[in-house]
Amino acid sequence: ADFESATRGWMQSQDVSPDETFLWICFFCNNQYRMVEEASMTGSDDLKEIFESHLVDAGHMLVMLDSFLEPHYITRAWCIFECYVCIHRALPMTVIMPESAEDNFN
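Heads up: the sequence shown runs through residues 242 to 347, numbered per our numbering.
Given below as structure tokens:
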């Protein structure tokens, strides 16, 4: 519900058509835990290269916070790294929140 609420709100605020918009979701496409378990990667350097390549190809990063006051996103090193890569590559980044979190923000 939070993911759908946050992405729907972003699409409406940006006048983006859901029929013409594609989201690349790192967790599903670049699952660092699965890659390490399956030994399909040689280590964190490969994860960095793969993530950076995918982010550059996407061209824009959406950061979804579950809460304005204490978002879980900022407690994870990988998520902070994602932001670093985005800033380092000078890519646009937009913070989105589900409607429930926006209500607390306002």
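Glycine included, C-beta positions come from ideal geometry on N, C-alpha and C.
Beta carbon of residue i nearer than 8 angstroms to that of residue j
{"i": "E210", "j": "V326", "result": "There is simply no residue 210 to check, as the chain begins at 242 and stops at 347 in what is shown."}
{"i": "C320", "j": "M334", "result": "no"}
Counted within 10 angstroms of its Cβ, other Cβ atoms place residue i as buried (16 or more) or exposed
{"i": "L296", "result": "buried"}
{"i": "R339", "result": "It is worth fixing the name first, because residue 339 is Pro in this sequence and not Arg. Flag for P339 reads buried."}
{"i": "A247", "result": "buried"}
{"i": "A342", "result": "buried"}
Integer Cβ distance of residue i from residue j, believed to fall under 8 angstroms
{"i": "I337", "j": "W251", "result": "5 angstroms"}
{"i": "F244", "j": "M305", "result": "7 angstroms"}
The beta strand (DSSP E) enclosing residue i, as first and last residue numbers
{"i": "I337", "result": "M334 to I337"}
Host alpha helix (DSSP H) of residue i (start-end)
{"i": "V304", "result": "Taken as a continuous stretch (DSSP letters only), V304 belongs to no alpha helix (DSSP H), being part of the beta strand (DSSP E) at M302 to M305."}
{"i": "R249", "result": "D243 to S254"}
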